[in-house]
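S.K.: Just so you know, the sequences run in chain order U and B.
With the numbering used here, letter number 546 in the first sequence gets 527, and the count goes up by one each step, no holes.
Positions in the second sequence are counted from 1; adding 437 to them yields the numbering used here.
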Amino acid sequence: MALLQLSEPGQTDAPHQRRLAAGIDLGTTNSLVATVRSGNAETLPDREGRHLLPSVVRYTEAGVIVGEEAKASSIEDPLNTILSVKRMVGRGLEDIKSLGSRLPYHYAQERTAVPRIQTVAGDVSAVEVSAEILKALAMRAEETLGGDLEGVVITVPAYFDDAQRQATKDAARVAGLKVLRLLNEPTAAAVAYGLDSGSSGVHAIYDLGGGTFDISILRLNRGVFEVLSTGGDSALGGDDFDRVVAEWIMRQAGISDDAGRSMLRQLMHDACAAKEALTRTAVTELDVDLGNGARWQGLLTRDQFNELVDPLIKKTLGPCRRALRDADLSREDIQDVVMVGGSTRVPRVRELVGAFFQTEPLVEIDPDRVVAVGAAIQADVLVGNKSDDEILLLDVNPLSLGIETMGGLVEKIIPRNTPIPVARAQEFTTFKDGQTAMAVHVLQGERELVTDNRSLARFELREIPPMVAGAARIQVTFAVDADGLLSVEAMEQSSGARASIEVKPSYGLTDGEIETMLRDSFEHAREDVEVRRLREEQVEARRVVEALSAALSEDGDRLLNADERKQLESALAGLVALVEDQDHEVIRKGIQDLEKACEFYVERRMNASVSQAMSGHKVDEFE
Amino acid sequence: MSITLTESAANHVLKFMEGRGKGLGIRLGVRTSGCSGMAYVLEFADESEADDVIFEDHGVKVLVDPKSMLYLDGTELDYTREGLNEGFKFNNPNVKDACGCGESFNV
């Protein structure tokens, strides 16, 4: 007979109506699946009792292999064995190539936005590879739970952009899974510790994995989680700890820098083992094979180890400070620090992070599993197994969203770190008389110029009724849903003409670039402001030139004599010559000069249009 | 009248209750539904009703309403593993036949 689980009072489901849900931590190196059974959230092991599923997929002519077995074949069959696919999800080919020569795959030269990797089993995309990992995890869950999954919660890094989130959802769809929700990894970790059961408080999630570091500041307010800020370093992790230890061994053992690859790999392996041993003991023995039959033996104490890794750990505190500043908080405001990622097992990490935030870090839940456990708890709630005390999670958008305006400038509509879901609208207008269409260019990033930000999408609003420049009222609405996906709509208010777009993956941003984009926006803040001022004056100058030219061709002959007209045209030419000037003060002065020069003409036009409007009417009609 | 737990079932119940952080014991019951007439209820119990029949076995309080008791008398609750799946199992001597999946039954 079917095996039963304990339910909450009054929540037993009718037979065949048990709603099974799972939380999936889809990681770069390893993935996990967890579920809530009899009130306990736990990760699910495979038949061999292994909880971690290496995020590795191997394509063979006979079929697809996922996990340990695929990982074991990565050296003998590197071209058909796909590792670290998470780094490729939602990215363009150029971005993937810029990740470096570490990825040996052959890409199909097709003209598609989505790069396809050539394997013996045909071309596959990053979405399809991720789907294979999800399928393997879902199968494990369904086998364990004895039924089909109703839905899953998949975790993603807080800094994932729209394209990467959409691609993750696509992967779930390909795997035949219903995504109840994408959940930010730090938020999942907080849920796992039940920080959501408190009434309010601010928590830091410190996630130091093998190759990446992320810090997130969350605020809980009346049961609602809000991500206040995120930060990190996409090239810092436990692998760097191994590297500094390996370098130390090389110095001690007198191994030269040009040692062979297999030697270096062996050293990294030894260093990693030493690191792990030092989480339990105060000193560890090293015994290194020098290759030529000789061996080097030595001791590494925890103090020596701490000295080696201290600079690396201190490097993580910079982003912590920045995240606090972004959230407008000080260290004393942090109630709890949740430790996530295998590298937080290093005692020195706990010590320094605890000292920084002045609180004992939370480490009770296995830091490799804590994210999956949180996702499972959230999945259980979303699927309806817990009707009361429902958790509603708020996240933030990691980078500002905006549109391009005249002069190649970006107008931000939803600023960075705004809690989502959110919708914001702003009005724009036309630049030219009789303009009937407007291009909407959706951008993501912190810089002032379009060229320095990331282009997400473009669309056109047509059928704007012809009007003079500046009269049309076009409302542009940005909406970001709970999963962080963006939809943009533009509507002309008088005619109701509208156009919209859902942001489809327009792939093209690396983790490192997000960090870089944020850093650049601070570093280039001053010059960005200068550029913006210049561009704004240039746009204004062009608008004045445009308006005066239009007026002259309309009634210049009627209202001006030849001399006056000549005088105005030379003043106009004077401003045209200044438009490309690089000094905004000069352009501003030029605009003022021209406005002064044509004051009498503007007056005449005004009078002419007033007398035209009044002709044929009696004066008292206007009273 | 009796309802018993195997040691394995009792240990798991105690573990789950500890993880949950509260609870008086567990409630066993039956209700009409399912493809074969009756279905089991297996829940944490936070409070007892006036007419509940209460048993205690291996340190676990088991609450059963009197109507369900008619169908459950003599039942042993077990905890077993089948492949990757694990969970509770009702060894109920009153059952005449069950549906294919065993989630509902007839007496």
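Think of the CB as a built atom: it goes at the ideal place given N, C-alpha and C, for glycine as much as any other residue.
This one's a predicted model, so the numbers in the text were calculated from it and none came from an experiment.
Against chain U, with Cβ distances strictly below 8 Å, would residue 489 of chain B count as a contact?
M.R.: Here the question's residue 489 of chain B lines up with position 52 in the second sequence. Chain U, which has no Cβ nearer than 8 Å to the Cβ of residue 489 of chain B, makes this no.
S.K.: Give the straight-line distance between the Cα atoms of residue 200 of chain U and residue 440 of chain U, rounded to the nearest whole angstrom.
M.R.: Residue 200 of chain U sits at position 219 when you count from the first residue of the first sequence. Residue 440 of chain U sits at position 459 when you count from the first residue of the first sequence. The alpha-carbon atoms of residue 200 of chain U and residue 440 of chain U are separated by roughly 36 Å.
S.K.: Looking at the unbroken beta strand (DSSP E) that takes in residue 4 of chain U, where does it start and where does it end?
M.R.: Walking along the first sequence from the start, residue 4 of chain U turns up at place 23. Run containing residue 4 of chain U: 1 to 6, per the beta strand (DSSP E) assignment.
S.K.: In this structure, how does DSSP classify residue 532 of chain B when only helix, strand and coil are distinguished?
M.R.: Translated into the one-based positions of the second sequence, residue 532 of chain B becomes position 95. Three-state result, residue 532 of chain B: coil.
S.K.: Grouping DSSP H, G and I as helix and E and B as strand, with all else coil, what is residue 279 of chain U?
M.R.: Mapped onto the first sequence, residue 279 of chain U falls at position 298. Three-state result, residue 279 of chain U: strand.
S.K.: For the beta strand (DSSP E) containing residue 32 of chain U, name the first residue and the last one.
M.R.: Here residue 32 of chain U is taken as the residue at index 51 of the first sequence, counted from 1. Residue 32 of chain U -> no beta strand (DSSP E), and no H or E assigned at all.
S.K.: Where does residue 449 of chain B sit, in a helix, a strand or coil, going by DSSP?
M.R.: Start at 1 with the first residue of the second sequence, and residue 449 of chain B comes out as number 12. Helix, per DSSP.
S.K.: Rounded to whole angstroms, how far is the Cβ of residue 169 of chain U from the Cβ of residue 316 of chain U, which I believe are closer than 8 Å?
M.R.: On the first sequence, position 188 is the one that residue 169 of chain U refers to. On the first sequence, position 335 is the one that residue 316 of chain U refers to. Actually they are not in contact, since the Cβ atoms of residue 169 of chain U and residue 316 of chain U sit about 18 Å apart, beyond 8 Å.
S.K.: I'd like to know whether the C-beta atoms of residue 461 of chain U and residue 568 of chain U end up nearer to each other than 8 Å.
M.R.: What you label residue 461 of chain U is simply residue 480 of the first sequence in a count that begins at 1. What you label residue 568 of chain U is simply residue 587 of the first sequence in a count that begins at 1. No, they are not a contact pair.
S.K.: Do we get a CB-CB distance below 8 Å when we pair residue 359 of chain U with the residues of chain A?
M.R.: You won't find chain A in this structure, because its protein chains are U and B.
S.K.: Smallest Cα separation from residue 458 of chain U: which of U:392, U:212, U:214?
M.R.: Here residue 458 of chain U corresponds to residue number 477 of the first sequence, with the count starting at 1. Measuring from the Cα of residue 458 of chain U, the nearest candidate turns out to be U:392.
S.K.: Is the distance from the Cβ of residue 430 of chain U to the Cβ of residue 344 of chain U below 8 Å?
M.R.: For the purposes of this step, residue 430 of chain U is taken as residue 449 along the first sequence, with counting starting at 1. For the purposes of this step, residue 344 of chain U is taken as residue 363 along the first sequence, with counting starting at 1. No, these two residues do not count as a Cβ contact at 8 Å.
S.K.: Under 8 Å, Cβ to Cβ, is there at least one residue of chain U near residue 507 of chain B?
M.R.: Position 70 of the second sequence holds residue 507 of chain B. Closer than 8 Å: no.
S.K.: Exposed or buried, what is residue 496 of chain B when buried is set at 16 or more other beta-carbons lying within 10 Å of its beta-carbon?
M.R.: Here residue 496 of chain B refers to the residue found at position 59 when the second sequence is read from its first residue. Exposed: under 16 other Cβ atoms inside 10 Å.
S.K.: Which word fits residue 425 of chain U, buried or exposed, when buried means at least 16 other C-beta atoms lie within 10 angstroms of its C-beta?
M.R.: Numbered from its first residue, the first sequence carries residue 425 of chain U at position 444. That one is buried.
S.K.: Name the chain B residues whose beta carbon is nearer than 7 Å to that of residue 127 of chain U?
M.R.: Translated into positions along the first sequence, residue 127 of chain U becomes position 146. Result: 522.
S.K.: For residue 337 of chain U, tell me which candidate among U:297, U:53, U:348 has the shortest Cα-Cα distance.
M.R.: Counting from one through the first sequence, the residue named residue 337 of chain U turns up at place 356. Comparing Cα positions, the closest option is U:297.
S.K.: For residue 254 of chain U, does the three-state DSSP call read helix, strand or coil?
M.R.: The residue labelled residue 254 of chain U in the question sits at position 273 within the first sequence. Note: residue 254 of chain U maps to helix in three-state DSSP.
S.K.: Indicate whether at least one CB of chain U lies closer than 8 Å to the CB of residue 482 of chain B.
M.R.: Counting from 1 along the second sequence, the entry for residue 482 of chain B is found at position 45. For residue 482 of chain B, the answer is yes, since a Cβ of chain U falls inside 8 Å of its Cβ.
S.K.: Which residue's Cα is closest to the Cα of residue 187 of chain U: U:139, U:233, U:178?
M.R.: Within the first sequence, the letter at position 206 stands for residue 187 of chain U. Selected option, being the one with the closest Cα: U:139.
S.K.: Which residues does DSSP list as the beta-bridge partners of residue 182 of chain U?
M.R.: As a position in the first sequence, residue 182 of chain U is number 201, starting the count at 1. U:201, per the DSSP bridge assignment.
S.K.: What is the rounded straight-line gap between the Cα of residue 519 of chain B and the Cα of residue 50 of chain U?
M.R.: Position 82 of the second sequence, counted from the start, is the residue given in the question as residue 519 of chain B. Position 69 of the first sequence, counted from the start, is the residue given in the question as residue 50 of chain U. Roughly 25 Å between the two C-alpha positions.
S.K.: Can you pull the chain B residues whose beta carbon is under 7 Å from the beta carbon of residue 20 of chain U, in chain order?
M.R.: In the first sequence, the residue the question calls residue 20 of chain U occupies position 39. Correct list: 453, 456, 457, 481.
S.K.: Run through DSSP, which three-state label would residue 69 of chain U get?
M.R.: Translated into positions along the first sequence, residue 69 of chain U becomes position 88. If DSSP states are grouped into helix, strand and coil, residue 69 of chain U belongs with coil.
S.K.: Give the secondary structure of residue 113 of chain U by DSSP, where H, G and I count as helix, E and B as strand, and everything else as coil.
M.R.: Translated into positions along the first sequence, residue 113 of chain U becomes position 132. Correct three-state label for residue 113 of chain U: helix.
S.K.: Which chain U residues are close to residue 444 of chain B, counting only those with a beta carbon under 8 Å from its beta carbon?
M.R.: Here residue 444 of chain B refers to the residue found at position 7 of the second sequence. Correct list: empty, because the minimum Cβ distance to chain U is about 17 Å.
S.K.: May I ask you to report which of helix, strand or coil DSSP gives residue 565 of chain U?
M.R.: Taking the first sequence and counting its residues from 1, one reaches residue 565 of chain U at position 584. Residue 565 of chain U falls in the helix class under three-state DSSP.
S.K.: Please confirm whether residue 438 of chain U and residue 482 of chain U have their CB atoms less than 8 Å apart.
M.R.: Translated into the one-based positions of the first sequence, residue 438 of chain U becomes position 457. Translated into the one-based positions of the first sequence, residue 482 of chain U becomes position 501. Yes, the Cβ-Cβ distance between residue 438 of chain U and residue 482 of chain U is below 8 Å.
S.K.: For the beta strand (DSSP E) containing residue 40 of chain U, list its first residue and its last residue.
M.R.: Here the question's residue 40 of chain U lines up with position 59 in the first sequence. 38 to 41 is the extent of the beta strand (DSSP E) around residue 40 of chain U.
S.K.: Going along the chain, which residues of its own chain have a beta-carbon closer than 6 Å to the beta-carbon of residue 342 of chain U, five neighbours each way excluded?
M.R.: Residue 342 of chain U sits at position 361 when you count from the first residue of the first sequence. For residue 342 of chain U, where only same-chain residues beyond five positions count, the Cβ hits under 6 Å are 318, 320, 331, 334, 335.
S.K.: Would a check of beta-carbon distances place residue -12 of chain U closer than 8 Å to chain B?
M.R.: Taking the first sequence and counting its residues from 1, one reaches residue -12 of chain U at position 7. Yes, its Cβ sits closer than 8 Å to a Cβ of chain B.
S.K.: Are the stretch 11 to 28 of chain U and the stretch 348 to 358 of chain U touching by the rule of at least three beta carbon pairs closer than 8 Å?
M.R.: Contact holds: three or more Cβ-Cβ distances are below 8 Å.
S.K.: I'd like to know whether the C-beta of residue 28 of chain U is nearer than 8 Å to at least one C-beta of chain B.
M.R.: To locate residue 28 of chain U, count along the first sequence from 1; it is residue 47. Answer yes: the Cβ-Cβ gap between residue 28 of chain U and chain B drops below 8 Å somewhere.
S.K.: Count the other CB atoms within 10 Å of the CB of residue 87 of chain U; is the residue buried (16 or more) or exposed (fewer)?
M.R.: Here residue 87 of chain U refers to the residue found at position 106 of the first sequence. So residue 87 of chain U counts as exposed.
S.K.: Report the rounded CA-to-CA distance for residue 129 of chain U versus residue 12 of chain U, giving the unit in angstroms.
M.R.: Sequence index remark: in the first sequence, residue 129 of chain U carries index 148 (1-based). Sequence index remark: in the first sequence, residue 12 of chain U carries index 31 (1-based). Distance between the alpha carbons of residue 129 of chain U and residue 12 of chain U is about 20 Å.
S.K.: Apart from the five residues just before and just after residue 364 of chain U, which ones in its own chain have a Cβ nearer than 7 Å to its Cβ?
M.R.: As a first step, residue 364 of chain U must be located in the first sequence, where it is residue number 383. Cβ within range, chain order: 0, 2, 131, 132, 161.
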